[in-house]
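Below is one structure; the comments refer to it alone.
In the working numbering, the protein residues as written are 197 to 336.
See the structure below:
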């Protein structure tokens, strides 16, 4: 019998029970990770297909523009392989979208925080307009 400490409570378990519990928890975590990984991989492939079609390019034409082999690029769209960080950056740059968009974190091609930045800039513009109006009043 093995004694495990957890949450301040002492539990008596056989080594077999403890190992089985740990193994099952690991399988559960691994399964969740794999499901998330597959979803992300599918999203990347969908976004790449959509972006390429919007530009009207073939896989071969786009592959040349981002400096990869056509078969390699086709593998990205078919979910057989994943683009590395450098290729992802080139794709985002070429299509003028954020990596957040390619990963499916946001549906805004400009990125997750683009709306917040635009709103902040709008507020700053309004503030500058008020300053301008005040300066004109003082000068006149």
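No residue lacks a Cβ here, since even glycine has one placed at the ideal position from N, Cα and C.
Nearest-angstrom Cα separation, counted from residue 304 out to residue 319: 21 Å
Same chain, Cβ closer than 7 Å to residue 203, five either side skipped, listed in chain order: With a pLDDT of 48 at residue 203, under the threshold of 50, the predicted position of this residue should be treated as unreliable, though the coordinate-derived value follows. Excluding residues within five positions, none has a Cβ falling inside 7 Å.
Stretch pair the region 235-243 + the region 291-302: three plus CB contacts closer than 8 Å: yes
Contacts around residue 256, its chain only, beta-carbon distance under 6 Å, and the 5 residues preceding and following it disregarded: 266
Secondary structure of residue 218, DSSP reduced to three states: helix
Cβ separation of residue 248 and residue 258, assumed to be a contact under 8 Å, to the nearest whole Å: 5 Å
Supposed close pair residue 290, residue 261 - CB separation, criterion 8 Å: 6 Å
Residue 288 burial status per 10 Å Cβ neighbour count (16 or more: buried): buried
Whole-number beta carbon distance between residue 268 and residue 277, since they are thought to touch under 8 Å: 7 Å
Residue 221 versus residue 284: straight-line alpha-carbon distance, rounded: 33 Å
Cutoff 7 Å; reference residue 306; Cβ partners in own chain excluding five residues on either side: 294
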